[in-house]
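Residue numbers (full-length UniProt numbering): 1 to 627. Using N, Cα and C, we set each Cβ at its ideal position, and we do this for glycine too. Scroll down for the structure; my scribbles are underneath it.
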């Protein structure tokens, strides 16, 4: 058997490796005689050209043809992507690319500067030369104008930096030995924290005390309510990420986890990521001032940031000892309510077991009044008109005023044409998912009533438009009566000016996801509808089918990737956590709040906030007060 010595750099055709039945087979190059014959036939260029045998010329033409085909393919894909992404005037991916530059938000100006603070992200790595740490993203007034000019806020790009520990020191520490303070224990999700913060602001003002303001905890790892001592210890141990600074470099993304796991697959004794870092990126803390505009409140009362819930912080920063603290220790979330009047008789129906008379509480001499939970819209029972007006101003200040959020909301509002309907629909979990069909039917009815349809017309439309969509749904199969929608007493007691006429749907630049209604009786249903929802894959979610089927111009937040992309780039300078995922529900609510008319989910605190506060504040109207 002839043996071949092959040099892959010198031989014209490289050996080919083929796999057949588990064995590798080497295919040898052509015999030398054939190579010699090919060389001789190519010795005469003229005859070779005549016979079309110049291999290099053929290869060049083939390469050019392939390049042309590749360019044409790329051009087609590019054109298709452009046409797809420019629909609704809101193209782009939902999230910023993984390699997109980060925008690191510096929270220190909200908490007070200190020369003793550790280095912030970017400090010590050229931040002074390049300004790699972003300036704080400011808030701006929440009342919406009809123009959609983008907000202007100062921020710079950063790609590196270290994590600060902004909670350990505070320049806001009291220098007045007689200053008295109020503190409380936050817990649960954002809206529970918001309601507790509202109550704390009002109480601090009525008690003439400086409020110690905790951060807002965002994400999927809330600290749930516990009795006073247990919740206090939990906050002291878990509210801070102090000592976990290494976690931001240990695991940044799931992709990084996978990559690190592959690198360490042979190192069985080395963990993929530290155990203490589990859940590090699932929550973060931000200052209240970064989300809402507290300037009006600060003009009338003093606020001090408190991101550390230990007794040591109180003694070190405020010189307050345990002997100077008066604590109301609740064992249940309904233990204590507060009121500004003395009732003539003990009420028969009481939500809270004990009501504390606020003027008596104001006489406490201790420097620190420490409360437990303050969640509950009815926890403060106020009859004094000035006190009720104070609470209204505080609640109105809770409308989101964060500049990046307002810019994104303005952009989406403009893409929707400025005048649109909105619904805040919760069907994602718990009782909201269990009662989803009934919830969606109520929302559907409220929307058609907002468009001016009478109940008889709505019943007829329900039978005709939704006959197929209702298969398998838990709606009333006979559709003989409207759903039970109780009158909203607090909203009726706070009327708003009449809505301006909704512009008739006409030719728009946006491309609606479904064909428009052509019947004159149904053209009002071509009005754009923005659906703010917690449903996964909302466009195909079966519970939302009736809304999508009825309104061909129904849109979701994920349809506006270009507007949301800048939010995905925001990163906390405090702990290195990306802020974008935590801000999307707020943006959802803000877009709904800017609509011509908005309806919400009954029983949802979030929906109530959208209808009572955001929608009315963004339109410049008086908010609805409950409790």
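- Query: Counting pairs of beta carbons, one from the stretch 515-527 and one from the stretch 480-492, are three or more of them closer than 8 angstroms?
  - Reply: no
- On a CA-only basis, which of 301, 381, 366 and 441 is nearest residue 548? Give me that one, please. Translated into positions along the chain shown, residue 548 becomes position 548. Closest option to residue 548, Cα to Cα, is 441.
- Task: Tell me where the alpha helix (DSSP H) around residue 197 begins and ends.
- Result: Position 197 of the chain shown, counting from 1, holds the residue named residue 197. That run of the alpha helix (DSSP H) goes 190-207.
- Message: Would you call the stretch 584-595 in contact with the stretch 531-547, where contact means no fewer than 3 C-beta pairs closer than 8 angstroms?
- Response: yes
- Query: Can you give, in chain order, each stretch of the alpha helix (DSSP H) that sits fully within the UniProt region "Disordered" (480-506) and has at least 4 residues?
  - Reply: 489-493
- Query: Three-state secondary structure (DSSP) at residue 284?
  - Reply: Position 284 of the chain shown, counting from 1, holds the residue named residue 284. Residue 284: strand per DSSP, three-state reduction.
- Message: What I want to know is whether the C-beta of residue 71 ends up closer than 8 angstroms to one or more non-hydrogen atoms of the ligand MN.
- Response: Although the ligand MN was asked about, the structure shown includes no ligands whatsoever.
- Query: Using the rule of at least 16 other Cβ atoms within 10 Å of the residue's Cβ for burial, across every protein chain shown, is residue 342 buried or exposed?
  - Reply: Here the question's residue 342 lines up with position 342 in the chain shown. Exposed.
- Query: From 242, 196 and 579, pick the residue whose C-alpha is nearest to that of residue 333; which is it?
  - Reply: As a first step, residue 333 is located in the chain shown; it is residue number 333 there, counting from the start. It is 196.
- Nearest candidate by alpha-carbon position, reference residue 400, set 591, 427 and 211: Here residue 400 is taken as the residue at index 400 of the chain shown, counted from 1. Of the candidates 591, 427 and 211, the one whose C-alpha sits nearest the C-alpha of residue 400 is 591.
- Task: Tell me whether the beta-carbon of residue 190 lies closer than 9 angstroms to the beta-carbon of residue 218.
- Result: Against the chain shown, residue 190 aligns to sequence position 190. Against the chain shown, residue 218 aligns to sequence position 218. Taking 9 angstroms as the Cβ cut-off, residue 190 and residue 218 qualify as a contacting pair.
- Message: In this structure, how does DSSP classify residue 391 when only helix, strand and coil are distinguished?
- Response: Taking the first residue of the chain shown as position 1, residue 391 is located at position 391. Residue 391: helix per DSSP, three-state reduction.
- Task: Under 6 angstroms Cβ to Cβ from residue 465, same chain only, skipping five residues before and after it: list those, please.
- Result: As a position in the chain shown, residue 465 is number 465, starting the count at 1. Answer for residue 465: 550, listed in chain order.
- Task: Say whether the stretch 555-566 touches the stretch 372-385, bearing in mind that this needs 3 or more beta-carbon pairs closer than 8 angstroms, one atom from each stretch.
- Result: no
- Starting from residue 571, trace the beta strand (DSSP E) both ways and give me its first and last residue. As a first step, residue 571 must be located in the chain shown, where it is residue number 571. First-last of the beta strand (DSSP E) with residue 571: 570-572.
- Three-pair Cβ contact test at 8 angstroms for the stretch 226-240 versus the stretch 196-208: no
- Label residue 629 either buried or exposed according to how many other C-beta atoms from any shown protein chain fall within 10 Å of its C-beta, with 16 as the threshold for buried. Residue numbering for the chain in the displayed model covers 1 to 627; residue 629 lies beyond these limits and cannot be assessed.
- Locate the beta strand (DSSP E) running through residue 337, then write down its first and last residues. Numbered from its first residue, the chain shown carries residue 337 at position 337. Note, residue 337: beta strand (DSSP E), 336-339.
- Touching by the beta-carbon criterion (3+ pairs, under 8 angstroms), the stretch 209-223 and the stretch 297-310: yes
- Message: Only counting the same chain, and skipping five residues up and downstream in sequence, which positions put a Cβ closer than 6 angstroms to that of residue 358?
- Response: To locate residue 358, count along the chain shown from 1; it is residue 358. Hits under 6 angstroms: 206, 338 and 340.
- Which residues mark the beginning and the end of the alpha helix (DSSP H) in which residue 423 is found? Looking up residue 423 in the chain shown gives position 423. Looking at the DSSP string, residue 423 is not in any alpha helix (DSSP H); the run it does join, the beta strand (DSSP E), is 421-425.
- Give me whichever residues DSSP pairs with residue 591 in a beta bridge. For this step, residue 591 is matched to residue 591 along the chain shown. According to DSSP, which records beta bridges pairwise, residue 591 is partnered with nothing at all.
- Within the stretch 502-541, ranges of the beta strand (DSSP E) (whole runs, at least 3 residues): 529-533
- Message: Please state the DSSP three-state secondary structure of residue 66.
- Response: The residue given as residue 66 occupies position 66 in the chain shown. If DSSP states are grouped into helix, strand and coil, residue 66 belongs with the helices.
- Going by beta carbon distance, what residues of the same chain come within less than 8 angstroms of residue 497, once the five residues before and after it are set aside? Locating residue 497 in the chain shown gives position 497, counting from the first residue. Here the set comprises 621.
- Item | Coil, strand or helix - residue 317 by DSSP | Your numbering for residue 317 matches position 317 in the chain shown. The answer is helix: DSSP assigns residue 317 an H, G or I state.
- Can you find a C-beta in chain D that's less than 9 angstroms from the C-beta of residue 68? Although the question refers to chain D, the structure presented lacks it and comprises just one protein chain.
- Rounded to whole angstroms, what's the CA-CA distance from residue 583 to residue 58? Just pull it up for me. As a first step, residue 583 must be located in the chain shown, where it is residue number 583. As a first step, residue 58 must be located in the chain shown, where it is residue number 58. In a straight line, the C-alpha of residue 583 is about 58 angstroms away from that of residue 58.
- Going by CA-CA distance only, name the one from 598, 276, 245 and 615 that's closest to residue 444. For the purposes of this step, residue 444 is taken as residue 444 along the chain shown, with counting starting at 1. Of the candidates 598, 276, 245 and 615, the one whose C-alpha sits nearest the C-alpha of residue 444 is 598.
- Item | Beta carbon of residue 595 nearer than 9 angstroms to that of residue 553 | On the chain shown, residue 595 is found 595 positions in, with the first residue counted as 1. On the chain shown, residue 553 is found 553 positions in, with the first residue counted as 1. The answer is no: Cβ separation not under 9 angstroms.
- Query: Expressed to the nearest angstrom, what Euclidean distance is found between the alpha-carbon atoms of residue 625 and residue 73?
  - Reply: Reading the chain shown from its first residue, position 625 is the one you call residue 625. Reading the chain shown from its first residue, position 73 is the one you call residue 73. Whole-angstrom Cα-Cα distance: 59 angstroms.
- Message: Tell me the residue span of the alpha helix (DSSP H) that contains residue 608.
- Response: Taking the chain shown and counting its residues from 1, one reaches residue 608 at position 608. Where residue 608 is concerned, the enclosing alpha helix (DSSP H) stretches over 605-609.
- CA-to-CA distance, residue 224 to residue 192, given in whole angstroms: As a working mapping, residue 192 is identified with position 192 in the chain shown. As a working mapping, residue 224 is identified with position 224 in the chain shown. Between residue 192 and residue 224, the C-alpha separation is close to 10 angstroms.
- Nearest-angstrom beta carbon gap, residue 614 and residue 425 [assumed within contact, 8 angstroms]: Walking along the chain shown from the start, residue 425 turns up at place 425. Walking along the chain shown from the start, residue 614 turns up at place 614. About 15 angstroms separates the two Cβ atoms, so there is no contact after all.
- Message: One question on the structure: do residue 107 and residue 572 come within less than 9 angstroms of each other, judged by their Cβ atoms?
- Response: Looking up residue 107 in the chain shown gives position 107. Looking up residue 572 in the chain shown gives position 572. Yes, Cβ-Cβ distance for residue 107 and residue 572 is below 9 angstroms.
- Task: Rounded to whole angstroms, what's the CA-CA distance from residue 576 to residue 277? Just pull it up for me.
- Result: Reading the chain shown from its first residue, position 576 is the one you call residue 576. Reading the chain shown from its first residue, position 277 is the one you call residue 277. For residue 576 and residue 277, the distance between alpha carbons rounds to 13 angstroms.
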